[in-house]
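Chains as they are written, first to last, in this note's numbering: chain A, 1 to 457; chain B, 1 to 400.
Ideal Cβ positions, reconstructed from N, Cα and C, are used throughout, including at glycine.
The structure displayed is predicted, hence computed values, not measured ones.
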Amino acid sequence: MPESGQPISFDVTVIGAGVVGCAIARKYTLLGARVLLLEKAPDALDGASKANSAILHTGFDAPVGSIELSCIQEGYRQYEQIHAKLNLPLDRCGAMVLAWTAEQESRLPDLMEQARTNSVGDVALLSREQVLAREPELASTVRAGFIVPREALIDPWSAPHSYLSQALVNGATFRRNTEVLSGSFDGNAWMLETTTGPVHSTRVINAAGLYGDIVDQRLIGRSDFDIRPRKGQFVVFDKTAARLARHILLPVPTETTKGIVVCRTVWGNLLVGPTAEEQQDRINANLDSETLEMLREKATEILPALANEDVTTTYAGLRPACGDKEYHIRRHPENMITVGAIRSTGLSAALGIAEYIARLDETPWPPLPEPEWPAMPMLAEDQTRDWQTAGNGGILCHCERVTRREVEAAMSGPNAAQSLAGLKRRTRVTMGRCQGFYCSGALQEMTAKCLKPESTE
Amino acid sequence: MTSLPDICDVLIVGSGPAGLAAAARLGEAGLDVHLLERETVAGGIPRHCGHSPYGWREFRRVMGGQTYAKRLIARATSFGAHIHTAVSVTDLGRGGRVTVSSNCGLQTVQARAVLLATGARETPRAPRFIGGTKPGGVMNTGALQSLVYLNKERPFRKPVVLGSELVSVSAVLTCRHARAKPLAMIEANERPTTRRAATWLPRALGTPLLLSTQIEAIHGRTWVEGVTLTSGERRWNVECDGVVVTGAFRPENALLRTTELEVDPRTQGPVVDQYGRCSDPAYFAAGNLLRPVETAPWCWNEGRMVASAIISALAGGLPDPSLSEPVLAGYPGVAWHLPQRISPNSSAPALENVQIGLARSMAATVRYGQASANLRSKPARRILLPLPDGGVDLKFEETL
Ligand SMILES: Cc1cc2nc3c(=O)[nH]c(=O)nc-3n(C[C@H](O)[C@H](O)[C@H](O)COP(=O)(O)OP(=O)(O)OC[C@H]3O[C@@H](n4cnc5c(N)ncnc54)[C@H](O)[C@@H]3O)c2cc1C
Ligand SMILES: Cc1cc2nc3c(=O)[nH]c(=O)nc-3n(C[C@H](O)[C@H](O)[C@H](O)COP(=O)(O)OP(=O)(O)OC[C@H]3O[C@@H](n4cnc5c(N)ncnc54)[C@H](O)[C@@H]3O)c2cc1C
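Spelled out as structure tokens, the structure:
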């Protein structure tokens, strides 16, 4: 917070620390700008980016010729390039699009054709036998499918956190609990009113996700899209279920949704979801037991052995969707860019979106000559984890094998967790099968001094 | 604390009543015993259970769980058992080769015998598919107890308690200790799970028991603000600031699921014979890992009995495990049974009865081999039948 009434001045202010805002903050920082990232929540990734399927898409099924497609593909390419340097997981497990009815089977050639048009040329048709040879646990009623070899799994939180961290270690500023209320543009620069005081900035980038249209209204008094939140619920099965599926198992999509996916997570669980349910509420993603039951049944139809597996958790997320099927990326005359309606592919596309808008914009600063590359804590189950190495302080969360050293690390540094939810996203504490039965007490003791208590008091 | 050995006679995993009782007996027998506990303090569940009644059977005195745990630890240590805390067992290899993780990283220990006593835990909110949001303030009794009795926290003022098992009564008592007044105990069934007598206590403390009622949804963004309850056609909201999700215990079997040890899908614990011996004869099991769920004195006794079987095994006194035969009890309404196998009798059994868990009320005559027995019971009650001499298929004939 500024000490005097004088606001600090920035080259670029990014509104919203979702995956998109984090990637943009990183991009402009590396391009040499003085960057400020504003987030109204106590921590990053508290909006749409808190819950997704964690798939790094190739764009094989994205709308042909769309900005979305080009951002997904550029995002994929950049992620491949930087993931090792930032210590981020990348599980190139591949996806299979499966047909369960004759009608679905008849649509496979068109979908493959679309993939080829989208430059995803390595798709291949599979007979029922070939499908079952690759996925022996699938229900034998499957008819056919095709494989998309490069669809991949990533960590939906360590990726955006790494973008944010790289921005921060290279000089960006991150201000949380700061909501942008209004602003004025004087022809040269912006003066933003926020809940923690004024901000002076040459440019503004609106990456407010589920509030993109509202932030447009607040700043420039107009918006060319209306956010219509679309909820997706998930059921997550225990780690022992992960052996049941090697690929990402996709259905033949419908008009409105990619449909219900069954896939592993890099943490070694198996998830099923999401649903696609339109709603007004931009904050709450309510679970309902009937839908969860439906998802479990659906998953069991696809992989019958799931009937014997335990459910570890359930969750729901909100897509920042709008009426049509394209991203709303606009450059406004007021030195502002809106990155809106990044509906259901933002995790994959974020690095590509950042690249895209940096090209829309003039970037007059000298790029950082030798930026720092912070290494993220590795949480993927198939990599060496902290609990396997000396000096870890002992395991705190037994189900997810999170060590005391990992928890301490997540509560320090420029991107330190400030909420329990933020700590969970950085470490996975209490997110395993016991959901805190064993470690809640020990965790509370460790975090009492660092985290804002989450209670009604 | 001594450092971990490379080899030892017996390794015990878990320091609850079962593990500690076994450690004392094995130490007393002069064996080199090492007990591994993943928490920083030994004692298992009683360690964070501040209330009574514990200890009557073991020490002829009623005491709180924390005192009870300390006495069990003192006894095991006095018999020479080594207790290592903050050591998690992460893998069970064939023939008693155990991998552990601690501040030192990974290590392996080769034991002549391993006793698994990892206990049981409650089912959390998520697998119950309760709807609504996921705010803070929703927790199991275990988590509540560690917050209240160990950390001296007061997580909420007016929670609701889901469940009507014994542990649900424990949740109410724990709330009272934290000066919180549970607004209601909520039970989906028409009858409380525990004996009616036990639900007298919450009611006397002013907490009504709502039967045939469900929690449809939990509300609140960062912290619980209320719940929606349903009962038949009726649906209503209750303002509250916490939800204690109690009971529906399940064995803490995470370790078993990645090893070759045979697991019984019904108990969710390991398959054992009457000596508590698993499918790999280097491994034994006792306490709540065997089945959900028994009281502390029962687990304590089971730990001692299986320890005696381990002493026989190490002296070469147990029959060849390949001679064991199955015990079957596949009747609708029978949820699980224990032991799942019978080895030829040579020394005294560690599990002295066939234990049966029911999914519903039942009155039946059970016939097996030459023997027969009558049972009449409600679910969640302990049912004990005489141990057969060899493999049997228990036949149930329901009586009215
Ligand atoms: C169910 C589901 C499954 C998905 N699966 C995938 C997938 O597998 N792969 C994939 O690539 N994508 C997936 N997505 C999509 C992806 O999650 C989204 O595209 C992405 O999270 C959008 O990020 P964002 O940064 O645009 O928005 P957000 O994450 O919502 O970020 C916007 C931020 O702005 C903040 N903010 C809002 N208003 C203000 C203000 N006035 N002042 C300050 N801050 C403000 C918010 O608090 C929020 O943190 C999925 C999404 C859902 C819901
Ligand atoms: C809230 C609550 C209240 C109760 N109240 C009463 C009561 O009043 N009276 C009564 O008689 N009974 C009570 N019980 C039941 C009683 O506590 C249990 O029956 C008893 O503790 C079971 O003993 P155990 O040895 O089988 O397992 P536990 O006590 O559960 O101990 C198992 C131990 O194993 C450890 N462990 C697990 N996995 C590993 C691993 N991989 N590596 C290392 N260590 C591991 C755990 O950390 C734990 O310490 C209560 C139970 C609960 C949950």
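Tell me whether residue i sits in a helix, a strand or coil according to DSSP, three-state version.
| i | result |
| --- | --- |
| Met63 (chain B) | strand |
| Asn91 (chain A) | Reading the sequence as shown, one finds Asp at residue 91 (chain A) and not Asn. Three-state DSSP puts Asp91 (chain A) in a strand. |
| Tyr149 (chain B) | helix |
| Thr365 (chain B) | strand |
| Met191 (chain A) | strand |
| Ile477 (chain A) | Lying before the first or after the last residue shown, residue 477 (chain A) is absent from chain A, which here runs from 1 to 457. |
| Leu318 (chain B) | coil |
| His82 (chain B) | strand |
| Thr174 (chain B) | helix |
| Asn345 (chain B) | coil |
| Leu295 (chain A) | helix |
| Tyr331 (chain B) | coil |
| Trp267 (chain A) | coil |
| Pro2 (chain A) | With a pLDDT of only 44 at Pro2 (chain A), under 50, the local geometry of the prediction cannot be trusted, and no value is derived from it. |
| Arg134 (chain A) | helix |
| Ser344 (chain A) | coil |
Whose C-beta lies closer than 6 Å to the C-beta of residue i among residues of the same chain, with five residues either side of it excluded?
| i | result |
| --- | --- |
| Trp190 (chain A) | Gly183, Ser201, Val204 |
| Glu225 (chain B) | His219 |
| Pro304 (chain A) | Ala139 |
| Ala184 (chain B) | Val160, Pro208, Leu210 |
| Ala307 (chain B) | Ala22, Arg25, Leu26 |
| Gly65 (chain B) | Pro46, Cys49, Tyr54 |
| Glu74 (chain A) | Gly352, Glu355 |
| Gly432 (chain A) | Cys399, Glu400 |
| Glu28 (chain B) | Phe79 |
| Ala167 (chain A) | Ala25, Arg26, Thr29 |
| Gly393 (chain A) | Thr403, Arg404, Arg405 |
Please list, in chain order, all residues of the same chain as residue i whose beta carbon is under 7 Å from its beta carbon, the five residues on each side excluded.
| i | result |
| --- | --- |
| Ser15 (chain B) | Leu35, Glu37, Ala42, Gly43, Gly44, Ile83 |
| Asp32 (chain B) | Cys8, Asp9 |
| Thr90 (chain B) | Thr99, Val100, Ser101 |
| Ser279 (chain B) | Leu261, Glu262, Val271 |
| Lys85 (chain A) | Trp373 |
| Ser324 (chain B) | Asp273, Arg341, Ile342, Ser343 |
Ignore the nearest five residues each way along the sequence and tell me which others in residue i's own chain have a CB closer than 8 Å to its CB.
| i | result |
| --- | --- |
| Ile329 (chain A) | Ile67, Ile337, Thr338, Val339, Gly340, Ile353, Tyr356, Ile357, Leu360 |
| Trp365 (chain A) | Asp11, Leu31, Gly32, Ala33 |
| Arg422 (chain B) | Nothing can be reported for residue 422 (chain B): it is not among the residues displayed for chain B, which extend from 1 to 400. |
| Met112 (chain A) | Val123, Leu125, Phe146 |
| Leu459 (chain A) | Outside the displayed range of chain A (1 to 457) lies residue 459 (chain A), so it cannot be described from this structure. |
| Asn103 (chain B) | Ala86 |
Within the 8 Å Cβ cut-off, does residue i reach chain D?
| i | result |
| --- | --- |
| Met139 (chain B) | Chain labels in this structure do not include chain D; the protein chains are A and B. |
> On the three-pair Cβ rule with 8 Å, is the stretch 242 to 257 of chain A touching the stretch 88 to 105 of chain A?
Replying inline: Result yes; three or more Cβ-Cβ pairs closer than 8 Å.
> For the stretch 268 to 291 of chain A, which residues have a beta carbon sitting closer than 7 Å to at least one beta carbon of chain B?
Replying inline: So the list reads Ile283, Asn284, Asn286, Leu287, Asp288, Ser289, given in the order they occur along the chain.
> Which of the residues in the stretch 163 to 175 of chain B, read from start to end, lie with their CB under 7 Å from any CB of chain A?
Replying inline: Taking 7 Å as the Cβ-Cβ cut-off against chain A, none of the residues of the stretch 163 to 175 of chain B qualify.
> the stretch 382 to 396 of chain A: which residues have C-beta closer than 7 Å to a C-beta of chain B, in chain order?
Replying inline: Taking 7 Å as the upper bound on Cβ-Cβ separation, chain B lies near residues Trp387, Gln388, Thr389, Ala390, Gly391, Asn392, Gly393, Gly394, Ile395 of the stretch 382 to 396 of chain A.
> Within the chosen definition, does the stretch 155 to 175 of chain B reach the stretch 205 to 214 of chain B through at least 3 CB pairs nearer than 8 Å?
Replying inline: They touch, by the three-pair rule.
> Between the stretch 31 to 45 of chain A and the stretch 72 to 90 of chain A, do at least 3 Cβ pairs fall closer than 8 Å?
Replying inline: No: the two stretches stay apart, fewer than three of their Cβ pairs being nearer than 8 Å.
>> Check whether the stretch 19 to 26 of chain A and the stretch 285 to 294 of chain A are in contact - that is, three or more C-beta pairs closer than 8 Å.
In response: No: the two stretches stay apart, fewer than three of their Cβ pairs being nearer than 8 Å.
> So, do the stretch 292 to 312 of chain A and the stretch 128 to 146 of chain A have three or more beta carbon pairs nearer to each other than 8 Å?
Replying inline: Enough Cβ pairs lie closer than 8 Å, so yes.
> With a cut-off of 8 Å, do at least 3 Cβ pairs link the stretch 150 to 166 of chain A to the stretch 423 to 437 of chain A?
Replying inline: Touching, yes, given that three or more Cβ pairs across the two stretches are closer than 8 Å.
> What residues from the stretch 100 to 112 of chain B come within 8 Å of chain A, judged by C-beta to C-beta, listed N to C?
Replying inline: For the stretch 100 to 112 of chain B, which is checked against every Cβ of chain A, the residues closer than 8 Å are Ser101, Ser102, Asn103, Cys104, Gly105, Leu106.
> If we count Cβ pairs, one from each stretch, closer than 8 Å, do we get three or more for the stretch 436 to 444 of chain A versus the stretch 309 to 318 of chain A?
Replying inline: They do not touch, by the three-pair rule.
> Three or more beta-carbon pairs under 8 Å between the stretch 66 to 81 of chain A and the stretch 265 to 279 of chain A, yes or no?
Replying inline: The stretch 66 to 81 of chain A vs the stretch 265 to 279 of chain A: no contact.
> Counting pairs of beta carbons, one from the stretch 397 to 412 of chain A and one from the stretch 112 to 132 of chain B, are three or more of them closer than 8 Å?
Replying inline: By the Cβ criterion, the stretch 397 to 412 of chain A is not in contact with the stretch 112 to 132 of chain B, since fewer than three pairs of Cβ atoms, one from each stretch, lie closer than 8 Å.
> Do three or more CB pairs link the stretch 220 to 233 of chain A to the stretch 383 to 394 of chain A at distances below 8 Å?
Replying inline: The stretch 220 to 233 of chain A vs the stretch 383 to 394 of chain A: no contact.
>> Along the stretch 42 to 61 of chain B, where does the CB come closer than 7 Å to a CB of chain A? Name the residues.
In response: Going along the stretch 42 to 61 of chain B in chain order, one finds His48 with a Cβ nearer than 7 Å to chain A.
> What are the residues of the stretch 239 to 268 of chain A that lie near chain B, defined by any Cβ-Cβ distance shorter than 9 Å?
Replying inline: In summary, the residues of the stretch 239 to 268 of chain A whose CB is separated from some CB of chain B by less than 9 Å are Lys239, Thr240, in the order they occur in the chain.
> Quick one, which residues of the stretch 1 to 23 of chain B are near chain A if we go by CB-CB under 7 Å, in chain order?
Replying inline: Cβ contacts with chain A come from no residue of the stretch 1 to 23 of chain B.
> Per the contact definition of three or more C-beta pairs closer than 8 Å, is the stretch 354 to 365 of chain B in contact with the stretch 330 to 339 of chain B?
Replying inline: Cβ pair count under 8 Å is three or more, so yes.
>> Counting only Cβ-Cβ distances shorter than 9 Å, please list the residues of the stretch 296 to 321 of chain A near chain B, keeping chain order.
In response: Listed by position, the residues of the stretch 296 to 321 of chain A near chain B (Cβ gap below 9 Å) are Arg296, Asn308, Asp310, Val311, Thr312, Thr313, Thr314, Tyr315, Ala316.
>> Does the contact criterion of 3 or more C-beta pairs under 8 Å hold for the stretch 250 to 261 of chain B versus the stretch 232 to 242 of chain B?
In response: No: the two stretches stay apart, fewer than three of their Cβ pairs being nearer than 8 Å.
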